[in-house]
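Chains as they are written, first to last, in the working numbering: chain X, 3 to 482; chain R, 3 to 482. Built from N, CA and C at the ideal position, the CB exists for glycine as well. One structure is given below, encoded as structure tokens.
Protein chains: 2
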Amino acid sequence: MSKENKLTPRSQDFNDWYNAVVQMADLADYGPVRGTMIVKPYGWAIWENIQKALDTRFKATGVENAGFPMFIPLSFLQKEAKHIEGFAPELAIVTHGGGEELAEPLVVRPTSETIIGHAYSNWVQSYRDLPILINLWNSVVRWEMRTKLFLRTLEFYWQEGHTAHATSEEADARTRMMLDVYTDFAVNEAAVPVIPGEKSEMERFAGAVQTTTIEAMMGDGKALQAATSHNLGQNFAKAFEIQYLDENNQQQFAWTTSWGLSTRFIGAIIMTHGDDNGLVLPPNIAPIQVVVVPIYKTDDDKAALIAAANKLAQELKDAEITVKVDARENLSPGFKFNDWEMRGVPVRLELGPRDLENNAVVAARRDIPGRDGKQSLSLDGLAPNIQALLSEIQANLLAKATQFREDNTHAAASMEEFEQAVKTGFARVWWAGDTEDEIAIKEKTKATLRCFPHQQPGGNGICFYTGKPADRIAIFARAY
Amino acid sequence: MSKENKLTPRSQDFNDWYNAVVQMADLADYGPVRGTMIVKPYGWAIWENIQKALDTRFKATGVENAGFPMFIPLSFLQKEAKHIEGFAPELAIVTHGGGEELAEPLVVRPTSETIIGHAYSNWVQSYRDLPILINLWNSVVRWEMRTKLFLRTLEFYWQEGHTAHATSEEADARTRMMLDVYTDFAVNEAAVPVIPGEKSEMERFAGAVQTTTIEAMMGDGKALQAATSHNLGQNFAKAFEIQYLDENNQQQFAWTTSWGLSTRFIGAIIMTHGDDNGLVLPPNIAPIQVVVVPIYKTDDDKAALIAAANKLAQELKDAEITVKVDARENLSPGFKFNDWEMRGVPVRLELGPRDLENNAVVAARRDIPGRDGKQSLSLDGLAPNIQALLSEIQANLLAKATQFREDNTHAAASMEEFEQAVKTGFARVWWAGDTEDEIAIKEKTKATLRCFPHQQPGGNGICFYTGKPADRIAIFARAY
């Protein structure tokens, strides 16, 4: 944020721009404890829209919500060897409760696989008790050292789904199904194009046999893991003894999955669509889709224009468009325009005395700056025109972001090409390397293997790094 | 719970009955850490309906949701003297994070007045920044020694609203407004009749200048504080320096309020409406309003009846009734009837071959047991009849609970009458005593001053305890 409280241009310093947008669009702030986050009402309203869109989709697949405790005995985390190895450095520990030292320290959940495993082992006896399909909306704590609002904070909000199944195939299908849900949400609600794919062994969730992911390209060409869906195999079922009697009366271990999307996704929206004027929100996620700014000089005009603005707003509300009339006193129209642009409202309606005389209103699109994004619309039959405009903006944001990603994704057949590609975006390469190779590449270029896209070209190629024959394409990038 | 997995009769042991209903209706269970609660999907679905009903009402008064961190520096709690005095014995303390001992211990929020006070002091500069009207949906931790699911657990779910205002009058009006919201919700959605009123000084929230409450009578005659709304005066504004420049450019302290309703309310619903067959849910809060049980013996019948049940269910869904068809295999209709009665579903539709022949279905009301609650309804135009039936059940539950409360509320002019009254219900008395008198009464009778009802008879009387002239009626009862 520059001294004059003006937004740093995105191209000048992407990081500075991001931090300033989060503050100036009034989305979030740091809490008093280092690295914790206060999500302010406007940021939370975006999160509520994300929640609604996901929750409806989850429930359509048979998932139910529940509430699980935030406190987990430390010993639970130690039951799955890789899980504790992955999470130990990030734990917050409660040692005292009710004025006394606790016999066993408690962990504030970094994720709930262990406490879920414990509960499911009590709940599951027979194959008839399966599948269990549960989701939690909560917050989790991971003691991050370097924090950034929405992207990496000590506590963050998310949903974590946890399912248990009778067969490996069912668990596999559920892992894929939930990734499809995330993909559908990201593309069709948030206008964030994503690449669904599988993580390499190195990038897997601690305790999973397979981690799938949706990867998005941010405005600076870096990748952001926007959601993950894990096939946990029988790892947690064995650690927590989730066992059932099958139809032949044989004792079997269950197969489990887990999947999550967090407030980090708000960071993805900001960094995918935002511009030099601030936040740009896709209409399907925007808490306010249309803002109406009445413009007047005299008191007579004021009364007439506010009345007209309210009438118009009511018509839009009746058509299920979320709308706000900005009748704040002592603020110029120009200030208001900037303010709502900063907050990313998709459509601004400017209503002045001359517009009203002409039974019209000026509609300004947030996604197309300046005059090109402005048009005069008749006040008659306004709602369907605004609905069409919102759809157009939604589609345009997705198209622009997709184009940007395509423009900044490059095939690479050599290390030189690879290094060039990951400087500005994604490298798309044939890959036959192993974990050691990934580590070496990361050290040299800061790029990591984001995923093996589910959508593969087929055929074979030569691994750009090892020179070995490869049957899979991988995406590498620097990442958040 | 008796050994045969049958519900203890409510009249025999209310406490045992309550615990069994929570388990057998599949609402909740204890977590692995002593006193923590797992809210199972069916219990959580009730909570979601409560959330929806409240959230809509909050937003209609201009309140917005936000997210605040769970970790609060211990020093924050110490800034308001009475607040720390009230909460110190119940705190959970985080001493280690990221593998290191923390310089300052953190508290897991028992309530958020302090961290809110800190944030508001940053956000408020001028009178134009007021009012701030924010609500949080979260969970809080209080280290309770004796726990009971929904009523008193180490961690519980709730909403906590926090507002800041320019004047004492506004804060007072908001305190009252939110109590009105709770009253409206309790009476019209949960069919729980409540007495809105003011707490005595002794029963006030730690740090409040006034605590208002809605008090409900449970099925055993005991009182339950179902929600509270606090006027915090300038106590927290002064402790956290929430100051603003008024219109005359004078620095002023703000006036704040807070108000909350928790998953404890689910306990209130259970103990208000439940009976010897289990849970009884008011239709407006029930996750499933209607269950359809197809009854068949032959495979031919089965196909036809399940098809008819699904068709009927779709008609009800189209009329925005939540409905479930219970087509589970290998379970008798009798088992299913008991199961859904235990879960408190307001209406059961029994659909057998003969019903289908007659183009009819048998509707059984949960609120009226046995034959008296059964009627045959035509399949033609079923939805409006079911809607009417649900409304009737909703009204009946409220009427029954109100009648029960009236029957078990007694005026008392002497200590003998008082002791008799609080054995079975509420004592309604003229009161002019002080905190010492309240303590003495509590020691002698276990009854506490629940509230001074907002609705007073007017006039004067003689305090039953002190013999002094009194100008207010108070409600005393034993309480959860």
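Under 8 Å from the C-beta of Glu92/X: neighbouring residues of chain R
Those are Gly100, listed as they occur along chain R.
Got a sec, what are the start and stop residues for the alpha helix (DSSP H) Ile216/R sits in?
Taken as a continuous stretch (DSSP letters only), Ile216/R belongs to no alpha helix (DSSP H), being part of the beta strand (DSSP E) at Gln212 to Met219.
Note down, in chain order, every chain X residue with its Cβ under 9 Å from the Cβ of His120/R.
Residues of chain X passing the Cβ test: Gly33 and Pro34.
Ignore the nearest five residues each way along the sequence and tell me which others in Asn387/R's own chain have a CB closer than 7 Å to its CB.
Around Asn387/R: Leu379.
Among the residues of its own chain, which have a CB less than 8 Å from the CB of Glu162/R, if the five just before and after it don't count?
So the list reads Thr113, Ser114, Asn137, Leu138, Asn140, Val142, Ser260, Trp261 and Gly262, once near-sequence residues are dropped.
For Thr447/R, would you say it is in contact with chain X, using Cβ-to-Cβ distances shorter than 8 Å as the test?
Contacts with chain X at 8 Å (Cβ-Cβ) do not include Thr447/R.
Taking the alpha-carbon positions, what's the Val105/R to Phe73/R distance?
Per the sequence presented here, residue 105/R reads as Ala, with Val not at that position. Near 14 Å, if we compare the C-alpha coordinates of Phe73/R and Ala105/R.
Span of the alpha helix (DSSP H) around Val183/R:
Val183/R: member of the alpha helix (DSSP H) spanning Ser170 to Asn190, first to last residue.
On the three-pair Cβ rule with 8 Å, is the segment 446-462 of chain X touching the segment 197-206 of chain X?
Yes, the segment 446-462 of chain X touches the segment 197-206 of chain X.
Starting from Gln236/X, follow its DSSP beta bridges and name the residues at the other end.
Looking at the DSSP output, Gln236/X sits in no beta bridge, so it has no partner there.
Pick helix, strand or coil for Tyr246/X, following the three-state DSSP scheme.
DSSP places Tyr246/X in strand when its eight states are reduced to three.
Does the beta carbon of Leu108/R come closer than 8 Å to any beta carbon on chain X?
Interface criterion met: the Cβ of Leu108/R is under 8 Å from a Cβ in chain X.
Going straight from the alpha carbon of Pro195/R to that of Leu283/R, what length do you get?
Leu283/R has its alpha-carbon roughly 14 Å from the corresponding atom of Pro195/R.
Which of helix, strand or coil does DSSP assign to Met3/X?
Reliability fails at Met3/X, whose pLDDT of 40 lies under 50, so the model's placement of it is uncertain and the value that follows must be treated cautiously. The answer is coil: DSSP assigns Met3/X none of H, G, I, E or B.
Rounded to whole angstroms, what's the CA-CA distance from Leu156/X to Gly69/R? Just pull it up for me.
In this model, Leu156/X and Gly69/R are separated by some 14 Å (Cα to Cα).
Where do the N-terminal and C-terminal ends of the alpha helix (DSSP H) with Arg407/X fall, by residue?
For Arg407/X, the enclosing alpha helix (DSSP H) begins and ends at Leu384 to Asp409.
Report yes or no: is there a C-beta of chain X within less than 8 Å of the C-beta of Asn340/R?
No, its Cβ sits nowhere closer than 8 Å to a Cβ of chain X.
What separation, rounded to the nearest whole angstrom, lies between the Cα atoms of Ser170/R and Phe238/R?
So the two alpha carbons sit approximately 13 Å from each other.
Can you give the beta carbon distance from Tyr246/R to Asp131/R, rounded, assuming they're within the 8 Å contact cut?
Right, their Cβ atoms sit about 6 Å apart.
Looking only at its own chain, which residues have a Cβ that is under 7 Å from the Cβ of Trp145/R, when we skip the five neighbours before and after it?
Cβ within range, chain order: Glu92, Leu93, Ala94 and Leu156.
Contact set for Ile52/R: own chain, Cβ-Cβ below 7 Å, skip 5 residues either direction
Contacts found: Phe267 and Ile287.
Where are the alpha helix (DSSP H) runs, 4 residues long or more, that stay fully inside the segment 9-67 of chain X, in chain order?
As summarised for the segment 9-67 of chain X, the continuous alpha helix (DSSP H) elements at least 4 residues long and confined to that stretch are 16-26 and 43-62, given in chain order.
By alpha-carbon positions, which one of Thr165/R, Arg148/R, Gln212/R and Phe242/R ends up nearest to Asn124/R?
Ranking Thr165/R, Arg148/R, Gln212/R and Phe242/R by CA distance to the CA of Asn124/R puts Phe242/R first.
Cutoff 8 Å: Lys224/R Cβ touching any chain X Cβ:
Residue-level contact check: Lys224/R does not touch chain X, since none of the beta carbons of chain X fall below 8 Å from its beta carbon.
Would you please verify whether the beta carbon of Val41/R is less than 8 Å from any beta carbon of chain X?
Val41/R counts as touching chain X.
Note down the Cα distance separating Ala1/R from Gly199/X, rounded to an integer number of angstroms.
Nothing in the structure corresponds to residue 1/R, since chain R is present only between 3 and 482.
Closer than 8 Å by C-beta to Trp49/X: which residues in its own chain qualify, once you throw out the five before and the five after it? Chain order, please.
Residues of the same chain with a CB within less than 8 Å of the CB of Trp49/X, apart from the 5 flanking positions on each side, are Val41, Tyr159, Thr265 and Ile268 in chain order.
Residues of its chain near Gly221/X, where Cβ-Cβ distance is below 6 Å and the 5 sequence neighbours each way are ignored:
Excluding positions up to five away in sequence, the list reads Met273.
From the DSSP output, in three-state form, read off Val96/X for me.
Of the three classes helix, strand and coil, the one that applies to Val96/X here is strand, per DSSP.
Let me check one thing: in DSSP terms, what residues is Asp277/R bridge-paired to?
According to the DSSP secondary-structure assignment, Asp277/R is paired through a beta bridge with Gly280/R.
Buried or exposed: which applies to Lys54/X, given that a residue is buried once 16 or more other Cβ atoms fall within 10 Å of its Cβ?
Lys54/X should be labelled exposed.
Look at the alpha carbon of Lys5/R and the alpha carbon of Met179/X, and state the distance between them as a whole number of angstroms.
Interpretation of Lys5/R is limited by its pLDDT of 41, a score under 50 that renders its predicted location unreliable; no figure is taken from the coordinates.
Kindly indicate which residue of Gly100/R, Gly99/R and Leu108/R has the alpha-carbon position closest to the one of Gly99/X.
With respect to the C-alpha of Gly99/X, the residue from Gly100/R, Gly99/R and Leu108/R having the closest C-alpha is Leu108/R.
Would a check of beta-carbon distances place Gly269/R closer than 8 Å to chain X?
So no, Gly269/R is outside the interface.
Let me know the secondary structure DSSP gives Val194/X once reduced to three states.
Coil at Val194/X, not helix or strand.
Could you give the first and the last residue of the continuous alpha helix (DSSP H) run that contains Pro371/X?
Counting along the chain, Pro371/X falls outside any alpha helix (DSSP H), and DSSP gives it neither H nor E.
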